[in-house]
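If you count by this note's numbering, then the sequence shown holds residues 500 to 705, one letter each, in order. Each residue gets a CB set at the ideal place from its N, CA and C atoms; glycine is no exception. Note that the structure is a prediction, hence the values are computed from the model and not measured.
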Amino acid sequence: MKNTTDFIKKTPTDHDIIDLVKNRWSPRTFSDKPISQKELQVLFEAGRWAPSSSNLQPWNIVWGIKGSETYDRIMDVLVEFNQKWAKNAPVLLLGVVDTKTPKGDDNYHAPLDLGQFSANMAIQAQSMGIAFHQMAGLDYEKAKKEFKFPETFHVATAIALGYYGGELSDVPDFLQDAELGERSRKKQNDFVFNGDYKATGDVNDN
Ligand SMILES: Cc1cc2nc3c(=O)[nH]c(=O)nc-3n(C[C@H](O)[C@H](O)[C@H](O)COP(=O)(O)O)c2cc1C
């Protein structure tokens, strides 16, 4: 087992931000330390208090702890690439949204609301030393059928979570560089505009 500090990645921020945001990253190895149901309840509680459009809270979560049938059923809907490393996680989740409002209209904001739920959970998890790795790589239709969600629901994401930890050898060779590499992001002036799209530079230019 490595030291906890081995799991803080180099994150070259351009401005000072809080450590909970700066130090969160998405590992593919996890500690063997189990996650308790109480800890899961804390994470779901953080998600529960996320804002949502019209307070519709369109999110739904399926959870499974390693060794359980539900865990294996979630694993079974992941794409093969994700199965190769998600097996290291003590907990697997699915994030599911109802794409319709209670009135039957399209709820275009549902994925955004699930995203806010997930971000709240991820930051709460970070405060507890728990890593939270989201995955789009899953068979959505198979998952919807497998877990008996109604037709209007969309299985938007899977999530692998567990305490930061584990060994590099827990992932196949081709994934090991990613565990060690520096994190990177676009620059703010690639996506922040004080006017028309691409018309102006970032806030620092003003
Ligand atoms: C919605 C979403 C889907 C993702 N899907 C996958 C995935 O299927 N497999 C995977 O290994 N990582 C996946 N990731 C993790 C991203 O690759 C990762 O967040 C990104 O490279 C930035 O790295 P960081 O989270 O360590 O900062 C996903 C992340 C998000 C938010």
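Answer yes or no: do residue i and residue j have a C-beta to C-beta separation smaller than 8 angstroms?
i, j, result
"LYS586", "MET574", "yes"
"LEU592", "LEU660", "yes"
"ARG523", "GLN623", "no"
"MET620", "ALA698", "no"
"SER683", "ASP612", "no"
"GLU645", "ARG572", "yes"
"TRP558", "PHE648", "no"
Could you tell me if residue i is buried or exposed, where buried requires 16 or more neighbouring beta carbons within 10 angstroms of its beta carbon?
i, result
"PRO526", "buried"
"TYR696", "exposed"
"SER535", "exposed"
"PRO589", "buried"
"PHE673", "exposed"
"ASN554", "exposed"
"MET634", "buried"
"ILE517", "exposed"
"TRP548", "exposed"
"GLY694", "exposed"
Please list, in chain order, all residues of the same chain as residue i whose beta carbon is under 7 angstroms from its beta carbon, the five residues on each side excluded.
i, result
"PHE580", "GLY636"
"TYR639", "HIS653 and VAL654"
"LEU577", "ALA585, MET634, GLY636, LEU637 and ALA657"
Can you round the beta-carbon distance between residue i and residue j to whole angstroms, since I take them to be within the 8 angstroms contact cut?
i, j, result
"VAL595", "HIS514", "Their Cβ separation, rounded to whole angstroms, is 35 angstroms, which puts VAL595 and HIS514 out of contact at 8 angstroms."
"ILE560", "PHE543", "6 angstroms"
"MET627", "GLU538", "7 angstroms"
"ALA618", "TYR663", "About 18 angstroms separates the two Cβ atoms, so there is no contact after all."
Excluding five sequence neighbours on each side, which residues of the same chain lie with their C-beta closer than 8 angstroms to the C-beta of residue i?
i, result
"GLU678", "PRO526, ARG527, THR528, LEU667 and VAL670"
"PHE605", "Per the sequence shown, the amino acid found at residue 605 is Asp instead of Phe. Hits under 8 angstroms: THR598 and LYS599."
"THR510", "LYS521, ASN522, TRP524, GLU681 and ARG682"
What does a CB cutoff of less than 6 angstroms around residue i pick up in its chain, not counting 5 residues either side in sequence?
i, result
"GLN675", "LEU667"
> Can you list the beta strand (DSSP E) stretches of 3 or more residues lying completely in the region 515-600, in chain order?
Replying inline: 558-564 and 590-597
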